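Student:
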Amino acid sequence: MKLIKTCLLLPVAVLFLSSCTSVDLYEKDVTIPGFKWKSSFKPEYTFTIKDTTSPYQLFLVLRHNEKYNYNNIWINLYSQPPGDTVHKAPFELPLATNEKWLGTGMDDIYEHRIKLTDPQYLKAGIYHFRIEQIMREDPLENVMNIGLRVEKK
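Quick note: the sequence shown uses our numbering, first residue 16, plus one each step.
Now the structure itself:
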């Protein structure tokens, strides 16, 4: 009986310990109305940092269908750290090679989790972010969701 309990608990313990490399502090995905992302639609994200002893890493989460016409996406990321002004940074984010999509796919839907920053220490407080698509196509069709993810490393 003791051997059976050990055999059942061992996989659970391994799974628990292997998941300790990063902690999801925040993730929010926003659905793009009609899957047509207008440049005037700028989803907003707000989260709070309390622990300043650990580094954090920021990711963009994007979901699109197979009819998306480009192998990349250009965005402006607006960020406002606690007690600071708004900063704007443009990003070109790869979504595909010439042969295939880079994200994970199921049926005709693909999801990308793209690293925006290296792990860094953040000061305590409330952070505000806004994402703007700056592609030439406006509205940008076949984008389903856009999101922001913060992981504690």
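The beta-carbon is built from N, C-alpha and C at its ideal position, and this holds for glycine as well. This structure is a prediction, so every number in the text was calculated from the model and none was measured.
Which residues does DSSP pair with D39 in a beta bridge?
Tutor: Answer by DSSP bridge pairing, in chain order: E166.
Student: Work out the CA separation of D99 and L73 for me, nearest whole Å.
Tutor: Those two C-alpha atoms are separated by around 18 Å.
Student: Would DSSP call P48 helix, strand or coil?
Tutor: Helix at P48.
Student: Taking only runs that begin and end inside the stretch 55–103, name each unbroken beta strand (DSSP E) of 3 or more residues, in chain order.
Tutor: Complete beta strand (DSSP E) runs here, min 3: 59–64, 70–80, 87–95.
Student: Once the 5 residues before and after L77 are set aside, which same chain residues still bring their CB inside 6 Å of it?
Tutor: Closer than 6 Å at Cβ, skipping near neighbours: H127, I161.
Student: Verify whether the separation of the beta carbon atoms of Y60 and L163 is less than 8 Å.
Tutor: The answer is yes: Cβ separation under 8 Å.
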